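Engineer:
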Amino acid sequence: MSRKLRAAVAQLGPIHLADSREAVVERLCALLREAHGAGAKFVVFPELALTTFFPRWWMTDQAKIDAYFESEMPNAATRPLFDLAKEYGIGFNLGYAELTQEKGEIRRYNTSILVDPAGHIVGRYRKIHLPGHSEHLPQAPFQHLEKRYFNVGNEGFKVWRMQDAVMGMCICNDRRWPETYRVMGLQGVEIISLGYNTPIENIHHREPEHLRMFHHLLSLQAGAYQNAAWVLAAAKCGAEDGFAMIGGSAIVAPTGEIAAQALSEEDELITTTLDLELGEYLRRTVFAFEKHRRTEHYGLITSRTGAKTEV
Ligand code: CDT
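Under the numbering used here, the sequence shown is numbered contiguously, ending at residue 313.
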């Protein structure tokens, strides 16, 4: 029997410091209405979709930092999105900054959730590959303080069955690491969804601007193909208070081909019908892991973190 899921990626244009959560959620709802009109049953929103990309700002007042975090989900501001999605019977992935308590300690994560069409949170992912730095870089044009403001995710790369598909999540910089996809691939993932905020300029090392888009797509396409999964990637993009980020939201097929791609750097919806049999076919043939993988030669992947030359 053919298994198909009509899905959408909801790219967001800039969210400025002055924009309220309520105004942003209204934009998310407008995209959700458009997705419903296009027949989509699953929608992917970006990383940190409720606020500006605040790790670009150096802040020392913890109360000011915490104002960008959500301590419950859904909450008053996001409830309209959950209600509308439930009314339409649409599942979604939403990224936000999560403030929580674990064993009496406050923890902060860069998180995304999977919400099923009945409005229940069925999955949660906490970003593992946090990029950037933790100290103030006064000479840099902007900061990238994820290593300062967030704890490293502590729940691994899991998968969940939702809407008759095996779904997994990762967030932004995670998409550049092959291990991200493979750990989910080994759990039979069929759809990997992710959000991202990728500055046009790399403050850590100089590189031509066009490489930002090239490496973004290269990573999605390689991850999709090598794990026979659909990859759905939603940008927050354009210039937030003058700081530019790439667009290029995309839906990538298990063949590695781009099935749909956003053209703008604004709020924009792209849709595709995901044929889940395509991935099944590749997992039975070229990527039948159980037949072809040679784990006896892969030990260094988990026993060594940094590269070391011994010859
Ligand atoms: N948000 C996020 O993870 N951004 C990173 C910037 C990396 S700078 C080398 C990204 O991978 O796009």
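Glycine residues also receive a C-beta, built at the ideal position from the N, C-alpha and C atoms.
Since the structure is predicted, the reported quantities are computational estimates derived from the model, not experimental observations.
1) Starting from D68 and walking both ways along the alpha helix (DSSP H), at which residues does that stretch end?
2) Spell out a yes or no on whether the stretch 17-31 and the stretch 286-304 are touching, meaning 3 or more CB-CB pairs, one atom from each, closer than 8 Å.
3) Unbroken beta strand (DSSP E) runs of length 3 or more, entirely within the stretch 84-150: which are they?
4) Kindly list the residues whose CB is nearer than 6 Å to the CB of L280, restricted to its own chain and excluding five residues on each side of it in sequence; keep chain order.
5) Measuring CB to CB, does G97 end up less than 8 Å from T113?
6) Between the Cα of L316 and those of L278, G187, G249 and G258, spot the shortest distance and give me the residue it belongs to.
7) Is there a Cβ of chain C sitting closer than 8 Å to that of L139, yes or no?
8) Quick check on DSSP: helix, strand or coil for L324?
9) Reducing DSSP to helix, strand and coil, say where Q13 ends up.
10) When you compare each of W60, G308, K293 and Y198 to G240 by their alpha carbons, which one comes out closest?
11) So, under 8 Å CB-CB, A231 and E192 are touching, yes? Tell me the CB distance rounded to an integer number of Å.
12) Given a cut-off of 8 Å, decide if I253 and L278 are closer than it, judged by their beta-carbon atoms.
13) Once the 5 residues before and after A1 are set aside, which same chain residues still bring their CB inside 6 Å of it?
14) Can you tell me which of A262, S195 and F291 puts its alpha carbon nearest to the alpha carbon of W2?
15) Helix, strand or coil: how does DSSP classify D277 here?
16) How about R128 and E157: do their beta carbons lie closer than 8 Å?
17) Who are the Cβ neighbours of H218 in its own chain at under 7 Å, not counting the five residues just before and after it?
18) Which residues bound the alpha helix (DSSP H) around Y198?
19) Which value, in whole angstroms, describes the spacing of the CA atoms of Q64 and R110?
20) Check F71 in the structure and name its three-state DSSP category.
21) Where does M164 sit, in a helix, a strand or coil, going by DSSP?
22) If you draw a straight line from the alpha carbon of T304 to that of F159, how long is it in whole angstroms?
23) Have a look at A262 and H294 and give me their C-alpha separation to the nearest angstrom.
24) Less than 8 Å between the beta carbons of C275 and R8, yes or no?
25) Buried or exposed: I123, going by 16 or more other Cβ atoms within 10 Å of its Cβ?
26) Is it true that the CB of P76 sits closer than 8 Å to the CB of A236?
27) Work out the CA separation of Y183 and G190 for me, nearest whole Å.
28) Would you say the stretch 81-101 touches the stretch 50-57, given that touching needs at least three Cβ pairs under 8 Å?
29) Just how far apart, CA to CA, sit T102 and G258?
30) If Y90 sits next to L34, beta carbons under 8 Å apart, how far is it from one beta carbon to the other, in whole angstroms?
31) Does the Cβ of P201 lie closer than 7 Å to at least one heavy atom of the ligand CDT?
32) Helix, strand or coil, according to DSSP, for A236 in the structure here?
33) Would you mind giving the Cβ-Cβ distance between F144 and F245, rounded to the nearest angstrom? I have them listed as a contact below 8 Å.
34) Does the separation of the CB atoms of S136 and R177 fall below 8 Å?
Structural biologist: Short version:
1) Within the sequence shown, numbered from 1, the residue matching residue 68 stands at position 66. Element bounds for D68: Q64 to D68.
2) no
3) 93-104, 107-117 and 123-128
4) Your numbering for residue 280 matches position 278 in the sequence shown. The answer, listed in chain order, is P256.
5) Reading the sequence shown from its first residue, position 95 is the one you call residue 97. Reading the sequence shown from its first residue, position 111 is the one you call residue 113. Yes, the Cβ-Cβ distance between G97 and T113 is below 8 Å.
6) The structure shown has nothing for residue 316, since the chain only spans 3 to 313.
7) Among the chains of the structure shown, chain C does not appear; only one protein chain is present.
8) The displayed coordinates of the chain run from 3 to 313. Any statement about residue 324 would go beyond what the structure contains.
9) Taking the sequence shown and counting its residues from 1, the one referred to as residue 13 is at position 11. Three-state DSSP puts Q13 in a strand.
10) Position 238 of the sequence shown, counted from the start, is the residue given in the question as residue 240. For the residues W60, G308, K293 and Y198, the minimum Cα distance to G240 belongs to Y198.
11) Numbered from its first residue, the sequence shown carries residue 231 at position 229. Numbered from its first residue, the sequence shown carries residue 192 at position 190. With a Cβ gap of about 6 Å, A231 and E192 count as contacting.
12) As a position in the sequence shown, residue 278 is number 276, starting the count at 1. As a position in the sequence shown, residue 253 is number 251, starting the count at 1. No, these two residues do not count as a Cβ contact at 8 Å.
13) No information on residue 1 is available, as it lies outside the stretch 3 to 313 that the chain covers here.
14) Residue 2 falls outside the range modelled here, since the chain spans only 3 to 313, and no answer is possible.
15) By one-based count along the sequence shown, residue 277 stands at place 275. Reduced to three states, the DSSP call for D277 is strand.
16) Taking the sequence shown and counting its residues from 1, one reaches residue 128 at position 126. Taking the sequence shown and counting its residues from 1, one reaches residue 157 at position 155. Yes, Cβ-Cβ distance for R128 and E157 is below 8 Å.
17) Stepping through the sequence shown from its first residue, residue 218 is reached at position 216. Around H218: T200, I248 and G250.
18) As a position in the sequence shown, residue 198 is number 196, starting the count at 1. Segment I193 to Y198 is the beta strand (DSSP E) holding Y198; no alpha helix (DSSP H) there.
19) Working through the sequence shown from its first residue, we reach residue 64 at position 62. Working through the sequence shown from its first residue, we reach residue 110 at position 108. Approximately 12 Å, taken between the alpha carbons.
20) Taking the first residue of the sequence shown as position 1, residue 71 is located at position 69. DSSP places F71 in coil when its eight states are reduced to three.
21) In the sequence shown, residue 164 corresponds to position 162, counting from 1. Looking at M164 - three-state DSSP - the assignment turns out to be strand.
22) Position 302 of the sequence shown, counting from 1, holds the residue named residue 304. Position 157 of the sequence shown, counting from 1, holds the residue named residue 159. T304 and F159: Cα-Cα distance of roughly 15 Å.
23) In the sequence shown, the residue the question calls residue 262 occupies position 260. In the sequence shown, the residue the question calls residue 294 occupies position 292. Rounded to the nearest angstrom, the two C-alpha atoms are 31 Å apart.
24) Here residue 275 refers to the residue found at position 273 of the sequence shown. Here residue 8 refers to the residue found at position 6 of the sequence shown. In the sequence on display, residue 275 carries Thr and not Cys. Taking 8 Å as the Cβ cut-off, T275 and R8 qualify as a contacting pair.
25) For the purposes of this step, residue 123 is taken as the residue at position 121 of the sequence shown. Classification of I123: exposed, given that the 10 Å Cβ count is below 16.
26) Stepping through the sequence shown from its first residue, residue 236 is reached at position 234. Stepping through the sequence shown from its first residue, residue 76 is reached at position 74. No, Cβ-Cβ distance for A236 and P76 is not below 8 Å.
27) To locate residue 190, count along the sequence shown from 1; it is residue 188. To locate residue 183, count along the sequence shown from 1; it is residue 181. Going by the C-alpha atoms only, they are around 11 Å apart.
28) yes
29) Translated into positions along the sequence shown, residue 102 becomes position 100. Translated into positions along the sequence shown, residue 258 becomes position 256. Going by the C-alpha atoms only, they are around 37 Å apart.
30) Translated into positions along the sequence shown, residue 90 becomes position 88. Translated into positions along the sequence shown, residue 34 becomes position 32. About 7 Å; that satisfies the 8 Å criterion.
31) If you number the sequence shown from 1, residue 201 lands on position 199. Within the cutoff, so yes.
32) Within the sequence shown, numbered from 1, the residue matching residue 236 stands at position 234. In the structure shown, A236 sits in a strand (DSSP, three-state: E or B).
33) Taking the sequence shown and counting its residues from 1, the one referred to as residue 144 is at position 142. Taking the sequence shown and counting its residues from 1, the one referred to as residue 245 is at position 243. Right, their Cβ atoms sit about 5 Å apart.
34) Taking the sequence shown and counting its residues from 1, the one referred to as residue 136 is at position 134. Taking the sequence shown and counting its residues from 1, the one referred to as residue 177 is at position 175. No, Cβ-Cβ distance for S136 and R177 is not below 8 Å.
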